[in-house]
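Residue numbers (the working numbering), protein chains in the order written: chain A, 1 to 337; chain B, 338 to 674. Let me begin by presenting the structure, written as structure tokens, before commenting on it.
There are 2 protein chains.
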Amino acid sequence: MTIKNVAEYCGVSVSTVSRVLNDHPDVSEAVRARVMAAVQELHYVPNSSARDLVRPQSDAIGLVVRGVGNPFFTAVIRAAEQAVNRAGYTLVLHQIHTEENELLAAASLARAKKLRGLILLGGCFDYTPEQTAALDIPYVCCSFTNSFGSLGNTDYSSVSIDDQAEARRAVEVLLRKGHRRIAVLLDSIRDHSISELRYRGYCQALGDHGIRLDPALVAETGDFDMAAAYDSVRRLLERKTDFTALFVIADSMAIAAMKALHDGGRRIPEDCSIIAIDGIEMSTYTVPTLTTLIQPQDEMGEEAVRILLDMVEGRAGNRHVRLHTTLRAGGSVCRAN
Amino acid sequence: MTIKNVAEYCGVSVSTVSRVLNDHPDVSEAVRARVMAAVQELHYVPNSSARDLVRPQSDAIGLVVRGVGNPFFTAVIRAAEQAVNRAGYTLVLHQIHTEENELLAAASLARAKKLRGLILLGGCFDYTPEQTAALDIPYVCCSFTNSFGSLGNTDYSSVSIDDQAEARRAVEVLLRKGHRRIAVLLDSIRDHSISELRYRGYCQALGDHGIRLDPALVAETGDFDMAAAYDSVRRLLERKTDFTALFVIADSMAIAAMKALHDGGRRIPEDCSIIAIDGIEMSTYTVPTLTTLIQPQDEMGEEAVRILLDMVEGRAGNRHVRLHTTLRAGGSVCRAN
Chain A
1 MTIKNVAEYC GVSVSTVSRV LNDHPDVSEA VRARVMAAVQ ELHYVPNSSA RDLVRPQSDA
61 IGLVVRGVGN PFFTAVIRAA EQAVNRAGYT LVLHQIHTEE NELLAAASLA RAKKLRGLIL
121 LGGCFDYTPE QTAALDIPYV CCSFTNSFGS LGNTDYSSVS IDDQAEARRA VEVLLRKGHR
181 RIAVLLDSIR DHSISELRYR GYCQALGDHG IRLDPALVAE TGDFDMAAAY DSVRRLLERK
241 TDFTALFVIA DSMAIAAMKA LHDGGRRIPE DCSIIAIDGI EMSTYTVPTL TTLIQPQDEM
301 GEEAVRILLD MVEGRAGNRH VRLHTTLRAG GSVCRAN
Chain B
338 MTIKNVAEYC GVSVSTVSRV LNDHPDVSEA VRARVMAAVQ ELHYVPNSSA RDLVRPQSDA
398 IGLVVRGVGN PFFTAVIRAA EQAVNRAGYT LVLHQIHTEE NELLAAASLA RAKKLRGLIL
458 LGGCFDYTPE QTAALDIPYV CCSFTNSFGS LGNTDYSSVS IDDQAEARRA VEVLLRKGHR
518 RIAVLLDSIR DHSISELRYR GYCQALGDHG IRLDPALVAE TGDFDMAAAY DSVRRLLERK
578 TDFTALFVIA DSMAIAAMKA LHDGGRRIPE DCSIIAIDGI EMSTYTVPTL TTLIQPQDEM
638 GEEAVRILLD MVEGRAGNRH VRLHTTLRAG GSVCRAN
């Protein structure tokens, strides 16, 4: 079975079949459907040896995911994987725990797999030039930046939201509803990472409204785990500190927080409003639906691949893309009494 | 920086450093920690060229995931990826939509990436020998079997739960609580797939108790989507058919179903008990916690890799492993009134 058989079977040219198989845009939907049906009926398997001949280099793009099981990453990984495949490259996935060193893992992967480029999904915000020196291939920081590090802007690429500004915006939603006693649930206020940036946004929003920060309202989980988030909120409730609203730095942690509030006898939103950042599918189905700032997950994955391949293929150098969130008004925020 | 420097730095032999880097078990935790700390401090990057020399073959293991975004797969993928890496292979991930042909995708990937072996995560249950002929490398069906197909038992490998028996067990939990009007939420009763098998288990459990099947209690979503599950339950409620319990074939669909029951004014479990199969982390945090049969996701991913590498490395032929679920008694099931 050759590509010629497929072309004859559906009455189109060999180059048209080739365009369909390589996912080129300049083919009508009708022709694409006809060719794909023929490919399936004839059990035709594209032979890549010709391509291998003209492309002796590795076609591997690494994706190092730090934060195994973080549901926010699921859609980003999917989008990145599809973009990498569409471009004719191979995605090599490597997932590590947050306590592991992603730069070491990435450098090791890059050598072992002869990677052409690398996407770091969920890494540290405080790289130094010495640390990244081991990465001698193009790479993109996806979902994070170097806010606490010493890399120059032209030393690395990134795609992310503005964590501090978006956190400020989330807390602002609560403030506008009249809340003044607003608790925050985060990993750590000094993690030199996403948690610290979003904490800054929280502090900034309070400052904008002349509200003094109350350390008793800061719940640190020490982990991005749902179980840790649940326990932190239970402890916050046991302290009997008064609060009418809660800002959580991630949807998954917010889902656990809602459970903890419920188990602690607080109604949402009547006794406690709650808002988060992320917009994972699951948080649509909490009761009530979680109010959150949705990050464009697909766009984030696709943009990371675009930036990376522009570098891999020599079209452009390092660059930074800031994406914006969209407010989903669920039922978890109401006016303060 | 060489492996010798690392060995000198922490006062152990080169072979000890090598064992740590290759994740061999015969190293004490203390030594492992010391070596890893040195590796990080010295920014040592293992050089794989020696390994490349002795292993000229590709080290790629493909993982074709059918059902993009299915949260049940997250932990399975993570476990499989880690097992593949521990064994010194590279995982090549390819995610496709449920409407795509995973065998075609797999065969194409196998040729293009020179795969040594392949794991199919979430595929069809009705392969024929003609269809799988295109796969000329070892492969393992992960989370599914060939219940509706014509492959011989020695023609393929699989690791999964016994879908029909586990569904029967789930419905049995409801029956023992006195429920007689039990609805079922599934993709399709005739999909020749997981949905049809679990539907059979549902019918079997009803039959065990002499209960006649009422087609009005069968809600087909036509999709594994959470949105489709939500809509199906809303429609079920609108039909005003009386039921006191609901069996859902997957946790993610059950989370959407709980939201639909709530929005339709039904309390869980007082007005409707609900049980599912899967045991994803999210379903721990529903209100109330979902009662479900937990599949051993990590074990499933690891076992798939074990079966596959036994074949790739010539230690064994095709085999089948059936795993068992564990009941998590949440708060979503109560005694029928």
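Virtual Cβ for every residue (Gly too), placed ideally from N, Cα, C.
Counting only the same chain and skipping the five closest in sequence on each side, list residues whose C-beta sits under 6 Å from that of A:D163.
Only I194, L197 and R198 meet the Cβ criterion.
Going by Cα to Cα distance, which pick from A:R86, A:A79 and A:V159 is closest to A:R319?
Answer by Cα proximity: A:V159.
Closer than 7 Å by C-beta to B:S350: which residues in its own chain qualify, once you throw out the five before and the five after it? Chain order, please.
Taken in chain order, the residues that qualify are A344.
Cβ closer than 7 Å: which chain B residues qualify as neighbours of A:A256?
Near A:A256 (Cβ distances below 7 Å), the residues of chain B are Y622.
Keeping to the same chain, check which residues put their C-beta closer than 8 Å to that of A:K4; ignore five residues upstream and five downstream.
Closer than 8 Å at Cβ, skipping near neighbours: V14.
For a contact meaning CB atoms closer than 8 Å, what does A:E281 contact in chain B?
Near A:E281 (Cβ distances below 8 Å), the residues of chain B are G406 and M563.
Determine, using beta carbons only, whether B:V401 comes closer than 8 Å to chain A.
With 8 Å as the cut-off, B:V401 does not count as an interface residue toward chain A.
Decide if A:P129 is buried, meaning its Cβ has at least 16 other Cβ atoms within 10 Å, or exposed.
By the neighbour-count rule (16 or more Cβ atoms within 10 Å), A:P129 is not buried but exposed.
Would you check if the segment 72–79 of chain A and the segment 295–310 of chain A touch, i.e. whether three or more CB-CB distances between them fall below 8 Å?
Result yes; three or more Cβ-Cβ pairs closer than 8 Å.
Give a yes or no on whether the minimum CB-CB distance between A:E93 and chain B is below 8 Å.
What sits at residue 93 of chain A in the sequence shown is Leu, not Glu. It does; some Cβ of chain B falls within 8 Å.
Any beta carbon from chain B within less than 8 Å of A:N85's own beta carbon?
Yes, because at least one Cβ of chain B sits closer than 8 Å to the Cβ of A:N85.
Would you mind telling me which residues of chain B sit closer than 7 Å to A:H262, beta carbon to beta carbon, in chain order?
In chain order: V624.
Work out the CA separation of A:L121 and A:A316 for me, nearest whole Å.
The alpha-carbon atoms of A:A316 and A:L121 are separated by roughly 21 Å.
Which runs of the alpha helix (DSSP H), 4 residues or longer, sit entirely within the segment 546–588 of chain B?
Listed in chain order, the complete alpha helix (DSSP H) runs (minimum 4 residues) inside the segment 546–588 of chain B are 563–575.
Rounded to whole angstroms, what's the CA-CA distance from B:R643 to B:R453? Just pull it up for me.
Straight-line Cα distance between these residues: approximately 14 Å.
Give me the chain A residues within the contact set of B:K450, using Cβ-Cβ distance strictly less than 7 Å, ordered along the chain.
Neighbours of B:K450 on chain A, chain order: T90.
What residue range is occupied by the uninterrupted alpha helix (DSSP H) comprising B:I644?
Looking at the DSSP string, the run of the alpha helix (DSSP H) that includes B:I644 is Q634 to V649.
According to the neighbour-count rule (16 or more other Cβ atoms, all chains shown, within 10 Å of its Cβ), is B:H546 buried or exposed?
Exposed, since its Cβ has fewer than 16 Cβ neighbours within 10 Å.
Whether or not the segment 502–515 of chain B and the segment 602–619 of chain B are in contact is what I'm after, with contact meaning three or more pairs of Cβ atoms, one per stretch, closer than 8 Å; do they touch?
Yes: at least three Cβ pairs fall under 8 Å.
Check whether chain B comes within 8 Å of A:S48, counting only Cβ atoms and requiring the distance to be less than that.
Its pLDDT being 46, under 50, A:S48 is placed unreliably in this model, and the value from its coordinates should be taken loosely. Yes, its Cβ sits closer than 8 Å to a Cβ of chain B.
Against chain B, does A:R55 count as a neighbour if the rule is that its beta carbon must be under 8 Å from one of theirs?
Bear in mind that the predicted position of A:R55 carries a pLDDT of just 42, short of 50, making it too unreliable to give a figure here.
With DSSP as the reference, identify every bridge partner of B:C347, one or two as the case may be.
Answer is none; B:C347 lacks a bridge partner.
Going along chain A in order, which residues have a C-beta closer than 8 Å to the C-beta of B:E418?
Near B:E418 (Cβ distances below 8 Å), the residues of chain A are L93, H94 and Q95.
Would you decide whether A:S232 is buried or exposed? Buried here means 16 or more other CB atoms lie within 10 Å of its CB.
Answer is buried; the Cβ neighbour count reaches 16.
Take every Cβ of the segment 211–227 of chain A, pair it with every Cβ of the segment 33–42 of chain A, and state whether three or more of those distances are shorter than 8 Å.
No, the segment 211–227 of chain A does not touch the segment 33–42 of chain A.
A:T2: buried (16+ other C-beta within 10 angstroms of its C-beta) or exposed?
So A:T2 ends up on the exposed side.
Between the Cα of B:H516 and those of B:A673, B:P625 and B:V354, spot the shortest distance and give me the residue it belongs to.
Measuring from the Cα of B:H516, the nearest candidate turns out to be B:A673.
Pull the bridge partners of B:C479 from the DSSP assignment, please.
DSSP lists B:L458 and B:V496 as partners of B:C479.
Is it buried or exposed, A:L213, if we count other Cβ atoms within 10 angstroms and call 16 or more buried?
Answer is exposed; the Cβ neighbour count stays below 16.
Would you decide whether B:D473 is buried or exposed? Buried here means 16 or more other CB atoms lie within 10 Å of its CB.
The residue in question, B:D473, is exposed, as its Cβ has fewer than 16 Cβ neighbours within 10 Å.
Closest by CA to B:S487, which one among B:A502, B:V477, B:Q468 and B:K577?
Of the listed residues, the one whose Cα sits closest to B:S487 is B:Q468.
Is the separation between the beta-carbon of B:Y567 and that of B:A587 shorter than 8 Å?
Taking 8 Å as the Cβ cut-off, B:Y567 and B:A587 do not qualify as a contacting pair.
So what does B:A397 bridge to, in DSSP terms?
BP columns for B:A397 point to B:T427.
Please name the residue in A:D59, A:D191 and A:G88 whose C-alpha comes closest to that of A:H24.
With distances taken between Cα atoms, A:H24 lies closest to A:G88.
In angstroms with no decimal places, state the Cα-to-Cα distance between A:D263 and B:G668.
Roughly 12 Å separates the two Cα atoms.
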